[in-house]
Amino acid sequence: MLRTEILRCLFEQSTPVGSRSLFQRKRRGDLLLAELLEPRRFERLLRNYGRRHGRDPVYEAVASEWSKRYFASIVKPAVAAAILADWRVPLTPEKISLEVNDDGDIVSVRLSSFGGPVAAASPEERFDFLVRDNLAVVVSAIADASGLSRNVLWSNAGNMFEGTARSCEALLQSRTSGLDHAFGLLETSRLSDGTRNPLHRPIVYPIKDDGPKRLRRVCCIRYLLETLDYCATCPCPGSE
79 MLRTEILRCL FEQSTPVGSR SLFQRKRRGD LLLAELLEPR RFERLLRNYG
129 RRHGRDPVYE AVASEWSKRY FASIVKPAVA AAILADWRVP LTPEKISLEV
179 NDDGDIVSVR LSSFGGPVAA ASPEERFDFL VRDNLAVVVS AIADASGLSR
229 NVLWSNAGNM FEGTARSCEA LLQSRTSGLD HAFGLLETSR LSDGTRNPLH
279 RPIVYPIKDD GPKRLRRVCC IRYLLETLDY CATCPCPGSE
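The structure is reproduced here in C-alpha cells:
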C-alpha cells in the first residue's frame, strides 16, 4: 500500500457523532487545544461529558473516560502513521484545535498541517511529536483540572499506543524500524534524558487457563461510574 493510501485511511476516520472525516484543516478563529485545556473551559467540558453517566458521577472517572476518547482520536492515527508511513503530524496544543459538541464529544481534530515524512533514528525521535509535544501537556492539564492520577492517564494513552502497535504488527507481518521503535519505546523504562518513561509497559500478558490475557497494569477506574462495568483489560481482582 502506498504512503498516500495509508494516510488517507488513517485520517479519514468517521466520528461517533457523524460521518465526516475526523481530521480537518484548522480554520482561523478555531479554539486551540491549549485554550480548551484551560481549567475553567475544560472543567465545563467534563461536566457536559459526565451528564451521560448520571446525576453525580465520579469526576475523576469521567475525566478518565473522556481522556480515552481523546487518546483514541489522537494516539491511534498518529502512532499508526509513524509506524506505517514514517509520518509525523504537528500536534502541539498551540497548533491543533478540537471541535467538541455540547455533550463534550470530540467532533473533529483540526490540524494546522497534515505533517510530513521523517527518517527517525530512535524511538524517541519517531514519537516525540506525540509523547512530548502533545500527551505530556494534555495529561498534565487533565490531571490538574480533575484530580485524576497521571498514572491512570498515561495508562489510558499507553493502552491505545500498545494496541495500535499490535495492530500494525499484525498488518505488516514483518518487523520494520517503525515497529521496532514503537515496541522499543514501550520497553524503555528511562528516556534519554534520564527521566521515567510514562509509557513503559502499560500492558502485560499474564498466562491464564486459556492462554495469555491482555491486561492493563493500571486500572482506568471506569467501574466507578454507575453506567459502566469493568473494562475488558481491567487488572482489578474480581473483574473477570
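What the sequence shown shows, in this note's numbering, is residues 79 to 318, in sequence order.
We treat Cβ as the ideally placed atom computed from N, Cα and C, and that holds for glycine.
Only counting the same chain, and skipping five residues up and downstream in sequence, which positions put a Cβ closer than 6 Å to that of residue i?
{"i": "Asn-212", "result": "Leu-169"}
{"i": "Ala-198", "result": "Arg-204"}
{"i": "Gly-262", "result": "Pro-201"}
{"i": "Ser-191", "result": "Pro-168"}
Taking 7 Å as the limit between beta carbons, can you name the residues of its chain near residue i, skipping five residues before and five after?
{"i": "Tyr-368", "result": "For the chain, the structure presents residues 79 to 318; residue 368 sits outside this window and is missing."}
{"i": "Leu-85", "result": "Ala-159, Ala-163, Trp-165"}
{"i": "Leu-109", "result": "Ser-175"}
{"i": "Asp-132", "result": "It is Gly, not Asp, that sits at residue 132 in the sequence shown. Result list for Gly-132: Glu-304, Thr-305, in chain order."}
{"i": "Glu-121", "result": "Ala-223"}
{"i": "Ile-299", "result": "Glu-138, Ala-139, Ser-142, Val-230"}
{"i": "Val-136", "result": "Leu-302, Leu-303"}
{"i": "Val-95", "result": "For Val-95, the pLDDT reaches just 38, beneath the cut-off of 50, and the residue's location in the model is therefore unreliable, although a value from the coordinates is still provided. Excluding sequence neighbours, Val-95 sits near Asn-179, Asp-183, Val-185."}
{"i": "Met-238", "result": "Phe-149, Ala-150, Val-153, Lys-154"}
{"i": "Glu-172", "result": "Leu-110, Ala-112"}
Evaluate residue i with the Cβ neighbour count: other Cβ atoms within 10 Å of its Cβ, from every protein chain shown; 16 or more gives buried, anything less gives exposed.
{"i": "Thr-273", "result": "exposed"}
{"i": "Gly-107", "result": "exposed"}
{"i": "Tyr-148", "result": "buried"}
{"i": "Gly-128", "result": "buried"}
{"i": "Asn-234", "result": "buried"}
{"i": "Ser-320", "result": "The chain is shown only over 79 to 318; residue 320 falls outside these bounds and no answer can be derived."}
Any idea which residues DSSP pairs residue i with across the strands?
{"i": "Gln-102", "result": "Arg-188"}
{"i": "Lys-286", "result": "Gly-289"}
{"i": "Ile-281", "result": "Arg-294"}
{"i": "Asp-110", "result": "Looking at the sequence itself, residue 110 is Leu, so the reference to Asp does not match. Answer is Ser-175, bridged to Leu-110."}
{"i": "Arg-268", "result": "Arg-274"}
I think residue i touches residue j, with their Cβ atoms under 8 Å apart; what is that distance to the nearest whole Å?
{"i": "Ala-243", "j": "Ile-161", "result": "7 Å"}
{"i": "Ala-260", "j": "Val-157", "result": "7 Å"}
{"i": "Cys-312", "j": "Arg-295", "result": "Going by Cβ atoms, the distance from Cys-312 to Arg-295 rounds to 11 Å, so no, they are not a contact pair."}
{"i": "Arg-188", "j": "Lys-104", "result": "4 Å"}
{"i": "Ile-220", "j": "Ser-145", "result": "6 Å"}
Grab me the residues of residue i's own chain with a C-beta within less than 8 Å of its C-beta, minus the 5 sequence neighbours each way, in chain order.
{"i": "Thr-254", "result": "Ile-161"}
{"i": "Gly-194", "result": "Trp-165, Arg-166"}
{"i": "Ser-97", "result": "Bear in mind that a pLDDT of 35 at Ser-97, under 50, signals an unreliable position, so the model cannot answer this."}
{"i": "Leu-124", "result": "Tyr-137, Val-140, Ala-141, Trp-144, Gly-182, Ala-223, Ser-224"}
Is residue i a contact residue of the ligand FMN, with contact defined as CB to any heavy atom under 8 Å?
{"i": "Thr-170", "result": "You won't find the ligand FMN in this model; it holds no ligand whatsoever."}
Subject >> Whole alpha helix (DSSP H) elements within the segment 115-189, 4-residue minimum >> reply: 117-128, 137-163
Subject >> Those runs of the beta strand (DSSP E) which lie wholly inside the segment 184-243 and span at least 3 residues >> reply: 184-189
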